[in-house]
Amino acid sequence: MPSAANPTNISAPSRFNPTRTPMKAFVPLATALAALICLNAHAAPPRKTSLEILSMANPPFPQHLSQRGILEGEAEVIVSINPDGRTADWLVTACTDPAFEQMAAEILPTLECRLPPSTSRNGPGRIKLHFLFETKGVIISQNASNTVDSLITRITPVRRINKLGTLRQLDHALILRHSVAPHYPESLHEAAGARVILEFLIDETGRVRMPVLHTGDNQLLAHVATDALLDWQFAPPTRAGQPVIVSARQEFVLPPK
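The sequence shown begins at 75 in our numbering and counts up by one.
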């Protein structure tokens, strides 16, 4: 498996920036969930889709922030959703205050949603969610890039904390400390030479998180490659000396029998 074993083949993906359609609605709750909703799963190109939220926790707005005059804030999260509509994994990639990262972390384990029928047949799908927290209610928006900018403009000295970096921004090239070769079942041997490219996140500790199929149509190969990739371990990536989350891609080539 030459391609998967060579960490120099790890490449940078295009920026996570799916097409968004502005949509706003006000819901009179004590806190906020702004959700949005873009699916990136199993080789299909990113596309806008609807995600129905059935239930979630509703933590109170942080009192220490309201006492400082901060009455709203945001967090951006990449989430892996199981076919049953429950969260499998997640990473908070941006926020306007660490307290909003904590609020998102309280909500995500309790989140239950309904996936569109076209996606619920597959394995976990990876989506991007935006949370907009307010003391008076919730704004649900699919135009999250605008809401963050306007929030920073209105509330000072709030500054966006961006935890998601690129490979080019890292202090050093990624260092692969531990890798595992996929275990190829007999049924795959006739597909020698088949290729898949997996896209995945590397968290601040160097763990591989939420791989999805980026290129290729061999679902079984993608499955066994994913199982192996989840056991890989990198040196913790850093940007300007601080831990950071990065996204990367890795090709797996099925060797001859």
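We treat Cβ as the ideally placed atom computed from N, Cα and C, and that holds for glycine.
Item: Could you pull out every residue in the same chain whose Cβ sits closer than 6 Å to the Cβ of His252, ignoring the five residues on either side in sequence?; Value: Gln307
Item: Going by DSSP, what residues sit across from Pro317 in a beta bridge?; Value: Thr312
Item: Quick check on the DSSP output: the beta strand (DSSP E) that includes Asp163 runs from which residue to which?; Value: 161-169
Item: Flag this pair as yes or no: are the beta carbons of Leu125 and Arg200 separated by less than 9 Å?; Value: no
Item: Would you call the CB atoms of Asp245 and Thr167 closer than 9 Å?; Value: no
Item: Where do the ends of the beta strand (DSSP E) carrying Val282 lie?; Value: 282-289
Item: Taking 9 Å as the cut-off, decide whether the C-beta atoms of Arg336 and Asp277 are in contact.; Value: Because the chain is modelled from 75 through 331, residue 336 falls outside the range shown and cannot be assessed.
Item: Taking just the CA atoms, how far does Ala265 sit from Glu208?; Value: 53 Å
Item: Please list the terminal residues of the continuous alpha helix (DSSP H) segment that includes Pro254.; Value: This sequence places Val at residue 254; Pro is not what is there. Unbroken run through Val254: none, as it is neither H nor E.
Item: Taking the C-alpha atoms as reference points, what is the distance between Ile235 and Asp301?; Value: 32 Å
Item: Between the beta-carbon of Tyr258 and the beta-carbon of Leu304, is there less than 9 Å?; Value: no
Item: State the DSSP-derived secondary structure class of Ala108, mapped to helix, strand or coil.; Value: Summary for Ala108: the model assigns pLDDT 34, below 50, so the residue's position carries little reliability; its value from the coordinates is reported in the next sentence. Three-state DSSP puts Ala108 in coil, outside helix and strand.
Item: So, for Val153: in the same chain, excluding its five sequence neighbours on each side, which residues have a beta-carbon less than 6 Å away from its beta-carbon?; Value: Thr161, Trp164, Ile201, Leu203
Item: Could you give the DSSP three-state label for Leu303: helix, strand or coil?; Value: helix
Item: So, with DSSP's three-state summary, where would you put Val327?; Value: strand
Item: With a 10 Å radius around its C-beta and 16 neighbouring C-beta atoms as the bar for buried, classify Gln324 as buried or exposed.; Value: buried
Item: Under the three-state reduction of DSSP, which class applies to Thr322: helix, strand or coil?; Value: Residue 322 is actually Ala in this sequence, not Thr. Strand.
Item: Looking at the secondary structure, which residues open and close the alpha helix (DSSP H) in which Phe135 lies?; Value: From DSSP, Phe135 is part of no alpha helix (DSSP H); its letter is neither H nor E.
Item: Please state if the CB of Val298 and the CB of Leu241 are separated by a distance shorter than 9 Å.; Value: no
Item: List the residues that DSSP assigns as beta-bridge partners of Arg188.; Value: Glu126
Item: List the whole-angstrom C-beta distance separating Glu148 from Leu238, where the pair is believed to meet the contact cut-off of C-beta under 8 Å.; Value: That belief does not hold up - the Cβ atoms of Glu148 and Leu238 are roughly 14 Å apart, past 8 Å.
Item: Considering only DSSP beta bridges, list what Gly199 is partnered with.; Value: Ile155
Item: Under a Cβ-count criterion, where at least 16 other Cβ atoms within 10 Å of its own Cβ denotes burial, should Asp171 be classed as buried or exposed?; Value: buried
Item: Between Ala173 and Val151, which are expected to be in contact by the criterion C-beta below 8 Å, what is the C-beta distance as a whole number of angstroms?; Value: 15 Å between Cβ atoms; not a contact.
Item: Please classify Met97 as buried or exposed, where buried requires at least 16 neighbouring CB atoms within 10 angstroms.; Value: Any reading at Met97 needs caution, since the residue's pLDDT is 28, under 50, leaving its predicted position unreliable; the model's value is listed next. Met97 comes out exposed.
Item: By how many angstroms is the C-alpha of Gln141 removed from the C-alpha of Thr289?; Value: 49 Å
Item: How should Ile155 be labelled, buried or exposed, when 16 other C-beta atoms within 10 angstroms of its C-beta is the threshold for buried?; Value: buried
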